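Here the structure is laid out as structure tokens; the discussion comes afterwards.
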Amino acid sequence: MRLLLAPMEGVVDWVLRDTMTSLGGIDQCVTEFVRVTTTLHPKIIFHRYCPELHTGSKTRAGTPVFVQLLGGQPEPMAANAARAAEMGAAGIDINFGCPAKLVNRHDGGAVLLKSPNRVFEITRAVRAVVPPHIPVTAKIRLGFDDPSMCLENAMAAQEAGAHWLTVHCRTKVDGYKPPAYWEWIPKMREKVSLSLIANGEVWTVQDYWRCREVSGSQDVMIGRGAIARPFLFNEIQRSHGSQIEAFQEEKKWPEIKPLLPQFFLASKDFKSPWFAQARTKQWLRQLSLQHPEAKPLFDEIKVIHNPPQFESTLQRLTLKN
Ligand SMILES: Cc1cc2nc3c(=O)[nH]c(=O)nc-3n(C[C@H](O)[C@H](O)[C@H](O)COP(=O)(O)O)c2cc1C
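Reminder that position 170 of the sequence shown reads as 151 in the working numbering, one-by-one numbering, no gaps.
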């Protein structure tokens, strides 16, 4: 059984991966997507997306990080994958799920799911140049507009040598609207034998167990639910030993609160005070979805636009009882 932190562009960067994996319970991370067009990126780009390449492709807590690539052309995808592998990437993940119009118009992400042959060609080209001991994985949605395309796309990924396949159980057209259709995964399993990682709409420990039951997958990837509830992975690990009906999720706000000033300082060191301010507001807004205690704090700091004032207010509000 594996628990994976989902890649999220503009959210799950080095700082958030470091913060989240330090809390425990996460087996695997994936970077935000690195967009590949026709050129070979310089090494600095890979280090920017995946600073963990300096530390054995692992977070400081020791969790492996795969580098995710997004693009529609097999040759440049392969060349960039080979470079990331040379630089020590623990694995290469290929993004076939991005719904962004701009990305889709430029022949990347979920639009490729319309043509399983292209999923095959891209995955095969990447697999061919990445040393065999480094996994090449893929991440798909169920389809662009037709969920049944997941069957052919899963076969394409398997035939091309993908090590595992993460399935965000919605089409591109579904966007992020609940529910996630985990029930497609057992249908995919009738067609392929590679590991299928279930993804989409897991917000609580109970969701996790329902997802496992419906999808039949022991491996689950979680994105927004984990940002809103940072101890979710931890709680899931603990729930393995208990009766799920009786399992009580703990109110963790007093433990989460002190993470915020640490997160701000780490983001400031990583990029800039302005960046840190924006990211901390973003995280606090997500946290307030699951923790009512976060809301007054968010309301007070969201109107502050000056980073030093933001920092001192955050310190004051999070360190008091
Ligand atoms: C803001 C945002 C950014 C995302 N960026 C990526 C990305 O870079 N690569 C990717 O494969 N998926 C990306 N996703 C999709 C997530 O990895 C995940 O599949 C999706 O959020 C469903 O899982 P969840 O319901 O647990 O959040 C993104 C999702 C969101 C909301």
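Don't be surprised by glycine CBs; every beta carbon is placed ideally from N, CA and C. The model shown is predicted, which means the values in this text are computed figures rather than measured ones.
Query raised in the report: Quick one: what's got a C-beta closer than 8 Å to Asp200's C-beta in the same chain, skipping five residues either side?
Result: In the sequence shown, the residue the question calls residue 200 occupies position 219. Hits under 8 Å: Met(-18), Arg(-17), Leu(-16), Leu(-15), Trp145, Ser176, Leu177, Ile178, Ala179.
Query - Anticipated Cβ contact below 8 Å, Ala119 with Lys172, distance rounded - result: Position 138 of the sequence shown, counting from 1, holds the residue named residue 119. Position 191 of the sequence shown, counting from 1, holds the residue named residue 172. With a Cβ gap of about 15 Å, Ala119 and Lys172 do not count as contacting.
Query - One or two residues paired with Arg16 in a DSSP bridge - result: By one-based count along the sequence shown, residue 16 stands at place 35. Leu51.
Query raised in the report: At what residues does the alpha helix (DSSP H) containing Asn215 begin and finish?
Result: Here residue 215 corresponds to residue number 234 of the sequence shown, with the count starting at 1. Counting along the chain, the alpha helix (DSSP H) containing Asn215 begins and ends at 213 to 220.
Report task. Can you grab the Cα-Cα spacing for the pair Val(-8) / Glu164, in whole Å? Result -> What you label residue -8 is simply residue 11 of the sequence shown in a count that begins at 1. What you label residue 164 is simply residue 183 of the sequence shown in a count that begins at 1. Straight-line Cα distance between these residues: approximately 28 Å.
Query - 3-residue-minimum beta strand (DSSP E) runs that sit fully inside the stretch 42 to 89, ordered along the chain - result: 46 to 51, 73 to 77
Query raised in the report: Is the CB of Lys120 under 8 Å away from at least one CB in chain C?
Result: This model lacks chain C altogether; it includes just one protein chain.
Requested in this report: For Glu102, collect the residues of the same chain with a Cβ closer than 6 Å to its Cβ; drop the 5 residues on either side in sequence, then sort them by chain order.
Outcome: Here residue 102 refers to the residue found at position 121 of the sequence shown. Correct list, in chain order: Pro55.
Query raised in the report: Tell me which same chain residues have a C-beta within less than 6 Å of the C-beta of Pro167, skipping the five on either side of it?
Result: As a first step, residue 167 is located in the sequence shown; it is residue number 186 there, counting from the start. Around Pro167: Gly197.
Query raised in the report: When every heavy atom of ligand 1 is checked, does at least one fall within less than 7 Å of the C-beta of Arg205?
Result: Numbered from 1 along the sequence shown, position 224 holds the residue referred to as residue 205. Result yes, Cβ under 7 Å from ligand 1.
Query raised in the report: In terms of alpha-carbon separation, which member of Leu268, Gln271, Thr0, Gln243 lies closest to Arg297?
Result: Translated into positions along the sequence shown, residue 297 becomes position 316. Closest by alpha carbon: Gln243.
Requested in this report: State the Cα-Cα distance for the pair Glu281 and Phe214, rounded to the nearest angstrom.
Outcome: Within the sequence shown, the letter at position 300 stands for residue 281. Within the sequence shown, the letter at position 233 stands for residue 214. Each residue's Cα considered, the two are about 29 Å apart.
**Report entry** Distance cut-off 7 Å: Gly78 Cβ against heavy atoms of ligand 1
**Finding:** Along the sequence shown, one-based indexing puts residue 78 at 97. Yes; taking the cut-off as 7 Å, the Cβ of Gly78 has a heavy atom of ligand 1 nearer than that.
Report task. Report the residue from Trp255, Glu(-10), Leu(-3), Leu4 whose alpha carbon sits nearest the alpha carbon of Arg219. Result -> As a working mapping, residue 219 is identified with position 238 in the sequence shown. Residue Leu4 is the option with its Cα nearest to Arg219.
Query raised in the report: Where are the alpha helix (DSSP H) runs, 4 residues long or more, that stay fully inside the stretch 131 to 208, in chain order?
Result: 165 to 170, 186 to 196
Query - Local conformation of Ile121 per DSSP, three classes - result: Here the question's residue 121 lines up with position 140 in the sequence shown. Here Ile121 sits in strand by DSSP.
Report task. Buried or exposed for Gln267, please, with buried defined as at least 16 other CB atoms from any protein chain shown within 10 angstroms of its CB. Result -> As a first step, residue 267 is located in the sequence shown; it is residue number 286 there, counting from the start. Per the 10 Å Cβ criterion, buried.
Report task. Rounded to whole angstroms, what's the CA-CA distance from Gln187 to Arg193? Just pull it up for me. Result -> On the sequence shown, position 206 is the one that residue 187 refers to. On the sequence shown, position 212 is the one that residue 193 refers to. So the alpha carbons of these two residues sit roughly 10 Å apart.
**Report entry** Phe27 beta carbon less than 8 Å from that of Leu308
**Finding:** With the chain covering -18 to 302 only, the question about residue 308 has no answer from this structure.
Query raised in the report: With contact counted as at least three CB pairs below 8 Å, one residue from each stretch, are the stretch 77 to 85 and the stretch 107 to 115 in contact?
Result: no
Query - Boundaries of the beta strand (DSSP E) in which Leu240 is found, first to last residue - result: Counting from one through the sequence shown, the residue named residue 240 turns up at place 259. Not the beta strand (DSSP E): Leu240 falls in the alpha helix (DSSP H), residues 240 to 251.
Query raised in the report: Less than 8 Å separating the beta-carbons of Pro160 and Glu182?
Result: Walking along the sequence shown from the start, residue 160 turns up at place 179. Walking along the sequence shown from the start, residue 182 turns up at place 201. For Pro160 and Glu182, yes; Cβs fall inside 8 Å.
Requested in this report: Specify the secondary structure class of Val107 as computed by DSSP and reduced to three states.
Outcome: In the sequence shown, residue 107 corresponds to position 126, counting from 1. Val107 falls in the helix class under three-state DSSP.
Query - His87 versus Thr19: straight-line alpha-carbon distance, rounded - result: Within the sequence shown, the letter at position 106 stands for residue 87. Within the sequence shown, the letter at position 38 stands for residue 19. One C-alpha to the other measures close to 11 Å.
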